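Since the structure comes first, as structure tokens, the remarks are kept for the end.
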Amino acid sequence: MMADLVAKRVTDALAPQVLVIVMPPLVGLLAQGWSGAAWGLVASAFCGGVPAAVIALGVRSGRLDSHHIVDRARRTGPLLAASAAVLAALALLVVLGAPTLLVATVTAMLAALAVTVPITLRWKISFHAAVSAGTVVVIAHVLPPWPTAVIGGAVVALVCWARVRLTHHTWPQVAAGAAVGVLTTWTTLAAFGVE
Numbered sequence: 002m003m004a005d006l007v008a009k010r011v012t013d014a015l016a017p018q019v020l021v022i023v024m025p026p027l028v029g030l031l032a033q034g035w036s037g038a039a040w041g042l043v044a045s046a047f048c049g050g051v052p053a054a055v056i057a058l059g060v061r062s063g064r065l066d067s068h069h070i071v072d073r074a075r076r077t078g079p080l081l082a083a084s085a086a087v088l089a090a091l092a093l094l095v096v097l098g099a100p101t102l103l104v105a106t107v108t109a110m111l112a113a114l115a116v117t118v119p120i121t122l123r124w125k126i127s128f129h130a131a132v133s134a135g136t137v138v139v140i141a142h143v144l145p146p147w148p149t150a151v152i153g154g155a156v157v158a159l160v161c162w163a164r165v166r167l168t169h170h171t172w173p174q175v176a177a178g179a180a181v182g183v184l185t186t187w188t189t190l191a192a193f194g195v196e
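Just so you know, the numbering used here puts 98 at position 97 of the sequence shown, and the rest follows in order with no gaps.
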């Protein structure tokens, strides 16, 4: 069915690991040019690359069902690896003197993980929704806010629809994920004074 195919494509194209790899260099480039993009690549390598590699190894070995980790019981190890990688990225960016926006962005990732990881151990909150919503908040800090929020909100709604359409989540799970993504990211950026 066409709707299922669209939902699968949306789920794959806007998966958390894809957004976490693409977003930091893009935000760095938009905020500070090529030097910002270079800092963003450092963040991407740790925050997106390391978790993606851990998940790929898990899928290849048969321990994980897919790179979306549909089986909630199997999420703990990859999420702990992701948390450790984000923490390492944050420490490295702080020590090396990275731009505030990228430090705040990686801190927001860590804050979102601090909320979503304990929840997913009991209830399958949507990481797709959380990461896509958080990404929109960050991008709205480097592009015109209102058009970015409107277009980004439509993209987040599409991601939420796709996850529900594929029966990987319920509407409350995607709504909770999106809310966590927006609130943790907005609060973290505000705490850093990012305008």
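Quick reminder that beta carbons are idealized off the backbone N, C-alpha and C, glycines included.
If you're wondering where the values come from, they're calculated on a predicted model, not measured in any experiment.
According to DSSP, is residue i helix, strand or coil?
i: S67; result: coil
i: L94; result: helix
i: R73; result: helix
i: P100; result: coil
i: V143; result: coil
i: H129; result: helix
i: A16; result: coil
i: F47; result: helix
i: G194; result: coil
i: R10; result: helix
i: L88; result: helix
i: T188; result: helix
i: T168; result: coil
Kindly indicate the opening and closing residues of the alpha helix (DSSP H) around residue i.
i: M2; result: Looking at the DSSP string, M2 is not in any alpha helix (DSSP H), and its letter there is neither H nor E.
What whole-angstrom Cβ distance do residue i and residue j have, given they're in contact under 8 Å?
i: L102; j: A32; result: 5 Å
i: I12; j: L159; result: For the sequence presented, residue 12 should be read as Thr rather than Ile. Not confirmed; about 10 Å, so no contact.
i: V107; j: A44; result: 5 Å
i: A131; j: G182; result: 4 Å
i: H69; j: H169; result: 7 Å
i: V157; j: A179; result: 6 Å
i: V143; j: V28; result: 6 Å
i: S133; j: L30; result: Rounded, the Cβ-Cβ distance is 20 Å, inconsistent with contact.
i: I56; j: L42; result: Incorrect: roughly 20 Å between the Cβ atoms, too far for contact.
Which residue from the options puts its Cα closest to that of residue i?
i: A99; options: I152, D66, W40, V28; result: W40
i: A46; options: P25, R64, I56; result: P25
i: V138; options: W187, A90, I120, V116; result: W187
i: L122; options: A105, I152, V71, K9; result: V71
i: T185; options: W147, H170, A112, Q174; result: A112
i: C161; options: L65, M3, A16; result: A16
i: Q174; options: W124, A141, L114; result: W124
i: A218; options: A83, A134, H129, V96; result: Given that the chain is displayed from residue 2 to residue 196, the structure contains no residue 218 and the question cannot be resolved.
i: S127; options: R76, L6, R64; result: R76
i: D5; options: P148, E196, V165; result: V165
i: A176; options: G194, G154, E196; result: G154
Report yes or no: is there a C-beta of chain C within less than 8 Å of the C-beta of residue i?
i: A57; result: Looking for chain C here will not work: only one protein chain is present.
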